[in-house]
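Working notes, beginning with the structure itself.
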């Protein structure tokens, strides 16, 4: 029991601590303001190896190289936008975790809201059709029985008694 608890604890600690170990101490800048900018930029850039992590969280060698490159560009005096533009020119828009809003990314930005609207319209139409069918089934007039049908019905009912 204690052994399984200990292994779970070690696993949990490893999962929580691994992103903190992504930025090595030799990468950290002396200027806290530049380091904060570098960390913010690194959090917005995709690791091209992992593809679902930022370069700030990734342990991949390419992510380390990109973190160093970001810091070098900031130390050289580049603005945040210039650093982003430089990386986009080398790796394409895919390097950005949050794509820019442009004509060629319009489909990405519009797909979510359009899918939501289409889903709501489909639900509305389905509910409207269902309620119309239910209302139509309930409002159909019931035909009166003829005298002959009433006599036959009464004969059947009397026969059961």
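Residue numbers (the working numbering): 6 to 166.
Where a beta carbon is used, it is the ideal one built from N, C-alpha and C, also for glycine.
These figures come from a predicted structure and were not determined experimentally.
Contacting residues, own chain, Cβ-Cβ under 8 Å from residue i (five flanking each side not counted)
i	result
residue 92	50, 71, 74, 75 and 100
residue 113	104
residue 45	85
residue 123	none
Buried versus exposed call for residue i [16 or more other C-beta atoms within 10 Å across all chains shown]
i	result
residue 61	buried
residue 89	buried
residue 119	exposed
residue 79	buried
residue 116	exposed
residue 63	buried
residue 68	buried
Strand pairing of residue i, partner residues [DSSP]
i	result
residue 51	59
residue 101	50
8 Å contact criterion, which residue i and residue j should meet: CB distance rounded
i	j	result
residue 158	residue 150	7 Å
residue 65	residue 54	4 Å
residue 102	residue 59	6 Å
Residue i CB to nearest heavy atom of the ligand ADP below 7 Å
i	result
residue 121	Of ligands this structure carries none, so the ligand ADP is not represented either.
Cutoff 7 Å; reference residue i; Cβ partners in own chain excluding five residues on either side
i	result
residue 106	114
residue 40	33 and 34
residue 171	The requested residue 171 is not part of the displayed model; the chain covers only 6 to 166.
Residues near residue i by beta carbon distance below 6 Å, same chain, minus five either side
i	result
residue 137	none
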